[in-house]
Amino acid sequence: MGSTADKVSGYANEAAGNIKKNIGKAVGSDKMTVEGAIQELKGEAQVEVGKAKAAVKDGANKVADEINRKL
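The opening position of the sequence shown corresponds to residue -19 in my numbering, with each subsequent residue numbered one higher.
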């Protein structure tokens, strides 16, 4: 998965998890609340993976540009 796809998927999981967590709280379902919180955290992690991939790609591109400039 690319960096953008990771971030989009992560934000979607964060939102879905947050909704699920809040519904769980509203209906008094500890199981749903915990599942939502876990999904939300998974989404946050996916977003960070996407950001890291983008940073690595940007860094690699800068190195490649510098090498090409010196050739």
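All residues carry an ideal CB built from backbone N, CA and C; glycine is no exception.
As the structure is a prediction and not an experimental result, all values here were calculated from the model.
If I'm right that residue i touches residue j with Cβ under 8 Å, what's the distance once you round it to whole angstroms?
i: Gly23; j: Gly(-10); result: 5 Å
i: Ala17; j: Lys1; result: 5 Å
When the distance is taken between beta carbons, is residue j closer than 7 Å to residue i?
i: Asn(-2); j: Glu20; result: yes
i: Lys(-13); j: Gly30; result: yes
Taking 6 Å as the cut-off, is the beta-carbon of residue i closer than that to any non-hydrogen atom of the ligand ADP?
i: Ala17; result: Questions concerning the ligand ADP fall outside what the structure shown contains, since it holds no ligand whatsoever.
Nearest to residue i by CA position, among the options, is which residue?
i: Ala(-8); options: Ala25, Gly8, Ser9; result: Ala25
i: Glu15; options: Glu(-6), Ala32, Ala35; result: Glu(-6)
Got a sec? Which residues, its chain only, sit under 7 Å from residue i by beta carbon, not counting five neighbours each side?
i: Met12; result: Lys0, Ile3, Gly4
i: Arg49; result: none
Near residue i, which residues of its chain fall below 8 Å by C-beta distance, leaving aside the five closest residues on each side in sequence?
i: Lys33; result: Gly(-18), Ser(-17), Asp(-14)
Legend entry - Unbroken stretches of the alpha helix (DSSP H), 4 residues or longer, contained in the region 8 to 41: none
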